[in-house]
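Each residue of the sequence shown is one higher than the one before, starting from 5 at the first, in my numbering.
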Amino acid sequence: MGQGIVIKAGGNRFEGELNDSVTGRAIYDALSIRANGQRWGGEIYFGIDVSCELEEGSRDVMEEGELGYWPPGQAFCIFFGPTPASGGDEIRAASAVNIVGRIKGGLSGLQDVPDGAEVCIEKS
Numbered sequence: 005m006g007q008g009i010v011i012k013a014g015g016n017r018f019e020g021e022l023n024d025s026v027t028g029r030a031i032y033d034a035l036s037i038r039a040n041g042q043r044w045g046g047e048i049y050f051g052i053d054v055s056c057e058l059e060e061g062s063r064d065v066m067e068e069g070e071l072g073y074w075p076p077g078q079a080f081c082i083f084f085g086p087t088p089a090s091g092g093d094e095i096r097a098a099s100a101v102n103i104v105g106r107i108k109g110g111l112s113g114l115q116d117v118p119d120g121a122e123v124c125i126e127k128s
């Protein structure tokens, strides 16, 4: 059973859930988080004050709406479309990430979040 979160970015609000992994729990315990998000194609990412190692089950090809944690950059990642590393329509991270959750419901509006926009993640 996951923990509910709210992600606010670019004037949009998204409901989500963090999973019960070591990294998912560490991120939930660190909430609320505010940061300026960076765009990398169909990914929004930003550094967070959480330090976790790569977990079993980590991967670099993601599903639309998945949330990840990238250990090399201590970054929270929101995946919603192809990135510069993608081949075709796949959604590919720069390298393996820990899968920490997913956005529930529609992703409409993520494409319009500009580079540098404030992103806030809170417990719901």
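Even for Gly, the Cβ is constructed at its ideal location relative to N, Cα and C. Nothing here was measured: the structure is a model prediction, and the numbers come from that model.
Separation of I52 from A89, as counted between CA atoms: 23 Å
May I have the straight-line CA-CA distance separating V65 from C81, to the nearest angstrom? 13 Å
Please state if the CB of A39 and the CB of E122 are separated by a distance shorter than 9 Å. yes
Between the alpha carbons of I95 and E47, how many angstroms are there, rounded? 9 Å
Which of the three DSSP states is assigned to V123 in this structure? strand
Note down the Cα distance separating F83 from F18, rounded to an integer number of angstroms. Looking at the two C-alpha atoms, the distance is approximately 13 Å.
Nearer than 8 Å: is that true of the beta carbon of A97 relative to any heavy atom of the ligand ZN? Only the bare structure without any ligand can be found here, which leaves the ligand ZN out of the picture.
If we ignore side chains and look at the alpha-carbon of each, how far apart do A13 and L114 end up? 8 Å
CA-CA distance, C56 and L22? 15 Å
CB of G41 within 9 Å of CB of G120, strictly: yes
Leaving out five residues before and five after V117 in sequence, what residues of the same chain have Cβ atoms less than 8 Å from its Cβ? A13, G14, N16, G41, R43, I48, V123
If you draw a straight line from the C-alpha of V54 to the C-alpha of G92, how long is it? 32 Å
Determine the contact status of I9 and S128, defining contact as a CB-CB distance below 9 Å. yes
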